[in-house]
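*Asks:* With the UniProt record's numbering applied, the sequence shown corresponds to residues 1 to 537, in that order.
Ideal Cβ placement from N, Cα and C applies to all residues, glycine included.
What follows is a single structure, and I will ask about it in a moment.
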Amino acid sequence: MLQALRWRGASLTRTLIVNQRLPTASTSRPTYFAYRLLTPTQGGTSTRAFSSSTSDASSTSKPESKNASRTTGSQRSLAQEQTLEWEDKVNYNVVDKFSDLPYRHLGYNQHMIINEEFKKALGDIVKSFQAPIIYAFAYGSGVFPQSKLLGKAPSDELLRSVHTKPDPAIVRAQGESPKMIDFIFGVSHTQHWHSLNMRQNRHHYSAVASLGSGFVSRVQDRYGAGVYFNPYVNVNGTLIKYGVVNVDTLCRDLTEWDTLYLSGRLHKPVKIIRDNARVRLANQTNLVAAIRTALLMLPEEFTEQELYSLIAGLSYLGDPRMRFPTENPRKVGNIVNNNKIHFRNLYAPLIRVLPNVRFLVDDPETADPAQDLRMRQAMSDETRGNMVRRLPKQFRSRVYFQYQKKWQISRADFNAATENLHTEEGGITFGTRLGGEFDQRIAKDDEAERREILRAVIKQTTSWPSTAQSLKGIVMSGFGRSWRYLGEKMSKYREGKKPLPAPETDGGKSDPKSISSSSSESLSEEKTQDAHKPKSQ
Numbered sequence: 001m002l003q004a005l006r007w008r009g010a011s012l013t014r015t016l017i018v019n020q021r022l023p024t025a026s027t028s029r030p031t032y033f034a035y036r037l038l039t040p041t042q043g044g045t046s047t048r049a050f051s052s053s054t055s056d057a058s059s060t061s062k063p064e065s066k067n068a069s070r071t072t073g074s075q076r077s078l079a080q081e082q083t084l085e086w087e088d089k090v091n092y093n094v095v096d097k098f099s100d101l102p103y104r105h106l107g108y109n110q111h112m113i114i115n116e117e118f119k120k121a122l123g124d125i126v127k128s129f130q131a132p133i134i135y136a137f138a139y140g141s142g143v144f145p146q147s148k149l150l151g152k153a154p155s156d157e158l159l160r161s162v163h164t165k166p167d168p169a170i171v172r173a174q175g176e177s178p179k180m181i182d183f184i185f186g187v188s189h190t191q192h193w194h195s196l197n198m199r200q201n202r203h204h205y206s207a208v209a210s211l212g213s214g215f216v217s218r219v220q221d222r223y224g225a226g227v228y229f230n231p232y233v234n235v236n237g238t239l240i241k242y243g244v245v246n247v248d249t250l251c252r253d254l255t256e257w258d259t260l261y262l263s264g265r266l267h268k269p270v271k272i273i274r275d276n277a278r279v280r281l282a283n284q285t286n287l288v289a290a291i292r293t294a295l296l297m298l299p300e301e302f303t304e305q306e307l308y309s310l311i312a313g314l315s316y317l318g319d320p321r322m323r324f325p326t327e328n329p330r331k332v333g334n335i336v337n338n339n340k341i342h343f344r345n346l347y348a349p350l351i352r353v354l355p356n357v358r359f360l361v362d363d364p365e366t367a368d369p370a371q372d373l374r375m376r377q378a379m380s381d382e383t384r385g386n387m388v389r390r391l392p393k394q395f396r397s398r399v400y401f402q403y404q405k406k407w408q409i410s411r412a413d414f415n416a417a418t419e420n421l422h423t424e425e426g427g428i429t430f431g432t433r434l435g436g437e438f439d440q441r442i443a444k445d446d447e448a449e450r451r452e453i454l455r456a457v458i459k460q461t462t463s464w465p466s467t468a469q470s471l472k473g474i475v476m477s478g479f480g481r482s483w484r485y486l487g488e489k490m491s492k493y494r495e496g497k498k499p500l501p502a503p504e505t506d507g508g509k510s511d512p513k514s515i516s517s518s519s520s521e522s523l524s525e526e527k528t529q530d531a532h533k534p535k536s537q
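Below, the structure is given as structure tokens:
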């Protein structure tokens, strides 16, 4: 029964990955690999998530040109297949299976492509837990590097200081900088899950667990953002940290932004290990909301770098770790600069179907990863008012409240101005959500003032949940683990304060205007997906 529950939820169809060894110095340890991703038509597999199948012509004498044309064709057909009409029709409460999704390929963009062996190693870690996990993803610098990897193997001493006996694929993926790997596990019943997990992994918990699974689950659900973390635990010879969250809590944050704690983590590329239809749909809403929020803070024309940096930084605005010397001050830049191809894979399919913003190139997914593509958005009051109206419910309510105070609007006048909000049924199922007079007035507000109000609301949303989570972590993780975590964060802060090295000229090929190109050198991947593309709005 437990085995069946653990496998509830499906993964996307996988594409074939070819490992190409980089030239490195001779070493007995596995070297870092660069991974070239093949097109969806080259990996004809299927799963119950998407049960997609592909047919491929025979190989020719020019396979690379054939592959390129197939990629472009499959991308265009998928783009034509998607819409954002589901946003006004879906009821999140009735999505239990992947067949319940509004569109067959909805959410394909959420699945980042990583090395197949590395993905399997991460999956084996999740499978080692006997308590049922219905949604799981790995995230952070242990999966998506936040600095350029040099292709070197770590020393035995450095490796053993982090992982005791890791899978070789993890060693190769992390290169010369082994790190703890972070996971989030979505579960149905937190107390039951902790009860089962304590039987198997009592050593993962601090002394607080002696008070029982009921106490642990109450602390998890009632304080902070509803997440319980077990840091610095060894699973399959790999050092990991895992957070446990109820899927109801997760989906509420994804659709309403009541804390922006987990929804903010999912604004960045993550590797989904175990998928769930309801969470996938909620996260698609979350990603579209992140784009809209960023657009309301950006000018008419802007770059990918500006958009992704703004989105990646949303959840850090109120994070107490960014106010104290406990986090790298360049964290957001490092995330975006070294993972731009993943950000493009995550957001470009959504940008292509939003009616009010567009890339200034025809095929952004096939553009050079090092290129900082430009975009343009429509600036009409009606269009931007619609974006305000479609912000997540809890977040939008806070924005409204700030403008009600700013303009000193009475409660009666405010209720009249926002009367169309009552078309929502419990904040979950929507009718056609068009911006009203109040939304358009917000859209007309001074650009700088609107940006500051949105930033203030984001800080208000994230500040207390993040602070409470940090305090909860100190209590629940134990003094030793908390002190170790604090020490590592302070070390990252000191590292981030060091001056950046002068950019290499490399014969005049490097671009001194941006350091973002470094990300694409180790992640130069073709746009590849599980043959899916969403049409969102």
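Which one of 145, 97 and 389 has the shortest CA to CA distance from residue 178?
*Replies:* Taking the first residue of the sequence shown as position 1, residue 178 is located at position 178. Among 145, 97 and 389, the Cα nearest to that of residue 178 belongs to 145.
*Asks:* For residue 44, name the three-state secondary structure that DSSP assigns.
*Replies:* As a working mapping, residue 44 is identified with position 44 in the sequence shown. Annotation note: pLDDT 34 at residue 44 (below 50); position unreliable, no value reported.
*Asks:* For residue 143, report the span of its alpha helix (DSSP H) as first-last.
*Replies:* Looking up residue 143 in the sequence shown gives position 143. Looking at the DSSP string, residue 143 is not in any alpha helix (DSSP H), and its letter there is neither H nor E.
*Asks:* Return the residue from the list 256, 194 and 469 that minimises the CA-CA distance to residue 458.
*Replies:* Counting from 1 along the sequence shown, the entry for residue 458 is found at position 458. Of the listed residues, the one whose Cα sits closest to residue 458 is 256.
*Asks:* For a minimum of 3 consecutive residues, which ranges assigned as the beta strand (DSSP E) are wholly contained in the region 161-207?
*Replies:* With a minimum length of 3 residues, the continuous beta strand (DSSP E) runs that stay inside the region 161-207 are 181-187.
*Asks:* Just the Cα atoms here: how many angstroms apart are residue 373 and residue 267?
*Replies:* For this step, residue 373 is matched to residue 373 along the sequence shown. For this step, residue 267 is matched to residue 267 along the sequence shown. Taking the straight line joining both Cα atoms gives about 19 Å.
*Asks:* Output yes or no for whether 8 Å exceeds the beta carbon distance between residue 411 and residue 300.
*Replies:* Sequence index remark: in the sequence shown, residue 411 carries index 411 (1-based). Sequence index remark: in the sequence shown, residue 300 carries index 300 (1-based). No, these two residues do not count as a Cβ contact at 8 Å.
*Asks:* Taking 6 Å as the limit between beta carbons, can you name the residues of its chain near residue 200, skipping five residues before and five after?
*Replies:* Indexing the sequence shown from 1 puts residue 200 at position 200. Here the set comprises 130.
*Asks:* If you scan the region 365-445 from start to end, which runs of the alpha helix (DSSP H) of 4 or more residues do you find wholly inside it?
*Replies:* Qualifying alpha helix (DSSP H) stretches, in chain order: 381-389, 393-407, 411-417 and 437-444.
*Asks:* Could you tell me if residue 293 is buried or exposed, where buried requires 16 or more neighbouring beta carbons within 10 angstroms of its beta carbon?
*Replies:* In the sequence shown, residue 293 corresponds to position 293, counting from 1. That one is buried.
*Asks:* Skipping 5 residues on each side, what residues in its chain have a beta carbon closer than 6 Å to that of residue 439?
*Replies:* Along the sequence shown, one-based indexing puts residue 439 at 439. Excluding residues within five positions, the ones whose Cβ falls inside 6 Å are 385, 388 and 389.
*Asks:* Take residue 349 as the anchor and find which of 92, 105 and 435 has the nearest alpha-carbon.
*Replies:* If you number the sequence shown from 1, residue 349 lands on position 349. Of the listed residues, the one whose Cα sits closest to residue 349 is 105.
*Asks:* To the nearest angstrom, how far is the alpha carbon of residue 119 from that of residue 273?
*Replies:* To locate residue 119, count along the sequence shown from 1; it is residue 119. To locate residue 273, count along the sequence shown from 1; it is residue 273. Taking the straight line from one Cα to the other gives about 8 Å.
*Asks:* Nearest CA to the CA of residue 168: which residue from 153, 182 and 161?
*Replies:* Here residue 168 refers to the residue found at position 168 when the sequence shown is read from its first residue. Among 153, 182 and 161, the Cα nearest to that of residue 168 is on 153.
*Asks:* I believe residue 281 touches residue 107 by the beta-carbon criterion, under 8 Å. Please report the beta-carbon distance rounded to the nearest angstrom.
*Replies:* To locate residue 281, count along the sequence shown from 1; it is residue 281. To locate residue 107, count along the sequence shown from 1; it is residue 107. Right, their Cβ atoms sit about 7 Å apart.
*Asks:* Using a Cβ-Cβ cutoff of less than 7 Å, which residues in the same chain neighbour residue 125 once the five nearest sequence positions on both sides are dropped?
*Replies:* The sequence position of residue 125 within the sequence shown is 125, counting from 1. Closer than 7 Å at the Cβ level, and outside the excluded window around residue 125, lie 235, 236, 238 and 240.
*Asks:* Following the continuous alpha helix (DSSP H) through residue 337, name the residue where it begins and the one where it ends.
*Replies:* As a working mapping, residue 337 is identified with position 337 in the sequence shown. From DSSP, the alpha helix (DSSP H) with residue 337 extends over 331-337.
*Asks:* Could you pull the DSSP bridge partners for residue 472 from this structure?
*Replies:* On the sequence shown, residue 472 is found 472 positions in, with the first residue counted as 1. Paired residue(s): none; residue 472 is not in a bridge.
*Asks:* Please look up how many angstroms separate the CB atoms of residue 541 and residue 271, rounded, as I've assumed it's under 8 Å.
*Replies:* Only positions 1 to 537 of the chain appear in the structure, and residue 541 is not among them; the question remains open.
*Asks:* State yes or no: is the C-beta of residue 190 within less than 8 Å of the C-beta of residue 318?
*Replies:* Indexing the sequence shown from 1 puts residue 190 at position 190. Indexing the sequence shown from 1 puts residue 318 at position 318. Not in contact: residue 190 and residue 318 (Cβ atoms no closer than 8 Å).
*Asks:* If we call anything under 8 Å between Cβ atoms a contact, is residue 134 one with residue 217?
*Replies:* Within the sequence shown, numbered from 1, the residue matching residue 134 stands at position 134. Within the sequence shown, numbered from 1, the residue matching residue 217 stands at position 217. In this structure, residue 217 does not lie closer than 8 Å to residue 134 by Cβ.
*Asks:* Does residue 241 come out as helix, strand or coil in the three-state DSSP assignment?
*Replies:* As a position in the sequence shown, residue 241 is number 241, starting the count at 1. In this structure, residue 241 counts as strand in the three-state DSSP scheme.
*Asks:* Terminal residues of the continuous alpha helix (DSSP H) containing residue 219?
*Replies:* Here the question's residue 219 lines up with position 219 in the sequence shown. Element bounds for residue 219: 213-222.
*Asks:* Since residue 176 and residue 150 should fall inside the 8 Å C-beta cutoff, what is the C-beta to C-beta distance between them, to a whole number of angstroms?
*Replies:* What you label residue 176 is simply residue 176 of the sequence shown in a count that begins at 1. What you label residue 150 is simply residue 150 of the sequence shown in a count that begins at 1. Contact holds; Cβ gap of about 6 Å.
*Asks:* Helix, strand or coil for residue 278, going by three-state DSSP, please let me know.
*Replies:* Here the question's residue 278 lines up with position 278 in the sequence shown. Helix at residue 278.
*Asks:* Where do the ends of the beta strand (DSSP E) carrying residue 343 lie?
*Replies:* Working through the sequence shown from its first residue, we reach residue 343 at position 343. First-last for residue 343: 340-353, but that is the alpha helix (DSSP H), not the beta strand (DSSP E).
*Asks:* Output the distance between the C-alpha atoms of residue 382 and residue 435, rounded to the nearest integer angstrom.
*Replies:* Looking up residue 382 in the sequence shown gives position 382. Looking up residue 435 in the sequence shown gives position 435. Their Cα atoms are separated by approximately 7 Å.
*Asks:* Do residue 277 and residue 88 have their C-beta atoms closer together than 8 Å?
*Replies:* Mapped onto the sequence shown, residue 277 falls at position 277. Mapped onto the sequence shown, residue 88 falls at position 88. No; because the gap between Cβ atoms is not below 8 Å, this pair is not in contact.
*Asks:* Go to residue 252, then tell me how far its alpha helix (DSSP H) extends in each direction, as first and last residue.
*Replies:* Here the question's residue 252 lines up with position 252 in the sequence shown. Unbroken alpha helix (DSSP H) run through residue 252: 247-256.
*Asks:* With three or more beta-carbon pairs closer than 8 Å as the criterion, would you say the region 465-478 touches the region 223-230?
*Replies:* The answer is yes - the region 223-230 touches the region 465-478, with three or more Cβ pairs under 8 Å.
*Asks:* What residue range is occupied by the uninterrupted beta strand (DSSP E) comprising residue 304?
*Replies:* Translated into the one-based positions of the sequence shown, residue 304 becomes position 304. It is not in any beta strand (DSSP E) - residue 304 instead sits in the alpha helix (DSSP H) that spans 304-313.
*Asks:* Between the alpha carbons of residue 446 and residue 408, how many angstroms are there, rounded?
*Replies:* In the sequence shown, counting from the first residue as 1, residue 446 sits at position 446. In the sequence shown, counting from the first residue as 1, residue 408 sits at position 408. Each residue's alpha carbon lies about 17 Å from the other.
*Asks:* Looking at the structure shown, is residue 358 part of a helix, part of a strand, or coil, going by DSSP?
*Replies:* Working through the sequence shown from its first residue, we reach residue 358 at position 358. Residue 358: strand per DSSP, three-state reduction.
*Asks:* According to the Cβ coordinates, are residue 184 and residue 245 closer than 8 Å?
*Replies:* Position 184 of the sequence shown, counting from 1, holds the residue named residue 184. Position 245 of the sequence shown, counting from 1, holds the residue named residue 245. Yes, they are a contact pair.
*Asks:* Which class does residue 133 belong to by DSSP, given the choice of helix, strand or coil?
*Replies:* On the sequence shown, residue 133 is found 133 positions in, with the first residue counted as 1. It is coil, neither helix nor strand.
*Asks:* Does the beta-carbon distance from residue 355 to residue 289 come in below 8 Å?
*Replies:* The residue given as residue 355 occupies position 355 in the sequence shown. The residue given as residue 289 occupies position 289 in the sequence shown. Contact flag unset, no.
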